[in-house]
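Residue numbers (the numbering used here): 1235 to 1409.
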């Protein structure tokens, strides 16, 4: 009789967890097409500036069952940076948090604009200087498979957005 009670108790305790697990699977990031909006950026890339000069390499990968995109950057001087990118279905916005070895953090949110480019806006922080400024980034998928990445920082003195980086991503290996 005690064995039967123990089995019943175990079943009653485990039922909510089974329901939770089923709910997590049913609401998978893989099943929601909004989590794929930034997939055009996935892959291994050679990055050049507006003059065609190689400035670095970037590897963009999807992980955590399609819920997270990670970025691993290394420039030609060997400096690195890392970002986490994800879609938040509660806010219906993409968010990127970037941190680089020189002590720069960028935290911004947004989504696809009317042209289909990913556009995020937020703040850049320079740890060493103890300063921050409004910042925005735009990733545009080109017809030839390249991606233009345009970063702009707002200049309080001029009251205008200034180009911070304008680069072209060319795929190194097909994904």
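By construction, the Cβ of each residue, glycine as well, lies at the ideal position given by its N, Cα and C atoms. Fair warning: this is a prediction, and the values are worked out from it, not measured in the lab.
>> Quick check for students: name the residue ranges of the beta strand (DSSP E) that lie wholly in the stretch 1315-1403, counting only runs of 3 or more.
In response: 1327-1334, 1338-1346, 1352-1360, 1365-1375, 1381-1389
> Between the stretch 1298-1309 and the stretch 1336-1343, are three or more C-beta pairs nearer than 8 Å?
Replying inline: Taking 8 Å as the limit for Cβ pairs, the verdict is that the stretch 1336-1343 does not touch the stretch 1298-1309.
> Where does residue 1302 fall in DSSP's three states?
Replying inline: strand
>> With distance defined between alpha-carbon atoms, name the residue in 1356, 1288, 1382 nearest to residue 1368.
In response: 1356
>> Can you tell me which residues form a DSSP beta bridge with residue 1307?
In response: Residue pairing for residue 1307: DSSP places it in a beta bridge opposite 1292, 1315.
>> Using CA atoms only, rank isn't needed, just tell me which of 1290, 1404, 1372 is closest to residue 1314.
In response: 1290
>> Quick check on residue 1266: does DSSP put it in helix, strand or coil?
In response: coil
> Does the stretch 1360-1367 come within contact of the stretch 1266-1282, defined as at least 3 CB pairs closer than 8 Å?
Replying inline: As far as the Cβ criterion goes, the stretch 1360-1367 does not touch the stretch 1266-1282, which means the pair count is below three.
>> Once the 5 residues before and after residue 1347 are set aside, which same chain residues still bring their CB inside 6 Å of it?
In response: Counting only Cβ-Cβ distances below 6 Å, and skipping sequence neighbours, we find 1353.
>> Taking the alpha carbon of residue 1373 as the reference point, which residue from 1366, 1384, 1328 has its own alpha carbon closest?
In response: 1384
>> From the DSSP secondary-structure annotation, give me the bridge partner or partners of residue 1279.
In response: 1292, 1405
> Out of 1390, 1286, 1272, which has the shortest C-alpha to C-alpha gap to residue 1296?
Replying inline: Closest in alpha carbon position to residue 1296, among 1390, 1286, 1272, is 1272.
> Count the other CB atoms within 10 Å of the CB of residue 1396; is the residue buried (16 or more) or exposed (fewer)?
Replying inline: exposed
> Whole-angstrom Cβ separation of residue 1371 and residue 1342, contact assumed at under 8 Å?
Replying inline: Indeed, because the Cβ distance is near 7 Å, the residues count as touching under 8 Å.
>> So, under 8 Å CB-CB, residue 1278 and residue 1268 are touching, yes? Tell me the CB distance rounded to an integer number of Å.
In response: Taking 8 Å as the upper bound for CB-CB distance, residue 1278 and residue 1268 are not in contact here, some 25 Å apart.
>> Let me make sure I understand the geometry here. Which of 1366, 1376, 1328, 1329 has the alpha-carbon closest to that of residue 1349?
In response: It is 1376 whose Cα lies nearest to the Cα of residue 1349.
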